[in-house]
Structures are given as C-alpha cells and as structure tokens.
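In the numbering used here, the protein residues as written are 11 to 152. Using N, Cα and C, we set each Cβ at its ideal position, and we do this for glycine too. Below you'll find the structure, written out as structure tokens, and then a few comments.
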Amino acid sequence: MIAYPVILTLDSNGTFIAQFPDVPEALTVGSDQADALYWAQDALVVALSGYLDDRRDIPQPSKPKRGQKLVALPPLVALKLAIYQAMRDQGLSQAELATRLKCDSRQVRRLLDLDHNSRLDLLAEALKALGKRLVIEVADAA
C-alpha cells in the first residue's frame, strides 16, 4: 500500500481543507474531516496524473507524523505509478517498453493511464520487463 500523509485544516468557513506535503498540487475541501478525506484520494490521484503528463518523478510519501492521517492510493494506480517511475529511473520510453513487451505502444499508454482499468497480469508483465516484480500482501485493517 502506498499512502501519503495528509494535513487536514479547519477553514474559517467551517469546512476542512486536505493537503499533501509531498504532493502540493493535491488540494481539496470537505464539509467535515471524513468528507475531506473522501475527496483527498481523488485529488491525490488527479495531481499525480499531472506528474505523469509533465514527465516528473513521482514523489515518495514522507513518514507521517504521530497521529497524522494517511490517504492510500488505489492499488492499480499505485502499480501504474511504480511502472512509470521505473521507466523514468531507467530512462526507458513508452516505445521501448512496448518493444520489450512485444505489444503496441497504445497498450503501454493505456497501462500508464491512471483512469484505464488495466489487467493485473499485463501490469505485472510490464514490471517484469522493467526488472521488477509484483508483491501482494494482505494485512489486518487497523
């Protein structure tokens, strides 16, 4: 699970602002803390999608401060971001990954599209082509 620390601040009009120190572009508001946290995940995904569009590195989540809330990325989004970052780290283009996967570059674009519901086996193959492997862990809820 990839989760980013979130700061919830009570605004002067009684709403809560959710912001992420590691991803300052992710900012949202909610009528209460629960509502702000609900919308925070969407704001985080949208902001990180912008990092892909701008060809920027994905920031690693910082260690949360004691009692600080976390917002987890949806699993498929986290996996796609890991593939994207591995490509950046290796200086690999989408066309080069497509060659490694023996597929069309459109398929690679879909694998990196955070809104596309990609198949897990295809994402795992992309990781393998990047010298990575997928590890799934199930833990008790806190």
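Exposure of residue i, with buried meaning 16 or more beta-carbon neighbours within 10 Å
i     : result
Asp78 : Sequence check: residue 78 is Gln here, not Asp. Gln78 comes out exposed.
Gln43 : exposed
Ile93 : buried
Met97 : buried
Residue of the options minimising C-alpha distance to residue i
i      : options                       : result
Gln104 : Gln95, Ser115, Pro74          : Ser115
Leu20  : Asp32, Met11, Leu47, Lys112   : Leu47
Gly60  : Pro34, Ala151, Asp99          : Pro34
Arg119 : Ile68, Lys73, Asp63           : Asp63
His126 : Pro84, Val148, Lys112, Gln100 : Pro84
Ser72  : Lys112, Arg65, Leu121, Ile17  : Ile17
Leu58  : Leu130, Lys112, Ala36, Arg76  : Ala36
Asp99  : Asp131, Val87, Arg66          : Arg66
Ala88  : Asp45, Ser22, Leu130, Asn23   : Leu130
Gly24  : Asp32, Met11, Ser41           : Ser41
Lys75  : Ile68, Thr38, Asp32, Ala149   : Asp32
Cβ distance (whole Å) where residue i is taken to contact residue j below 8 Å
i      : j      : result
Gly13  : Val81  : Before going on, a small fix: residue 13 reads as Ala here, not Gly. Going by Cβ atoms, the distance from Ala13 to Val81 rounds to 6 Å, so yes, they are a contact pair.
Leu102 : Ala136 : About 11 Å; that fails the 8 Å criterion.
Leu133 : Leu124 : Leu133 to Leu124, Cβ: 12 Å. No contact.
Extract the residue ranges of the alpha helix (DSSP H) inside the segment 64-135, only unbroken runs of 4 or more that lie entirely within it.
85-100, 104-111, 115-122
Count the CB pairs spanning the segment 130-149 and the segment 81-95 that are closer than 8 Å, and state whether there are at least three.
yes
3 or more residues per run - each beta strand (DSSP E) lying fully within the segment 22-72:
26-29, 37-40
Contact between the segment 48-56 and the segment 23-30 is defined here as three or more beta-carbon pairs at a separation below 8 Å; is this criterion met?
yes
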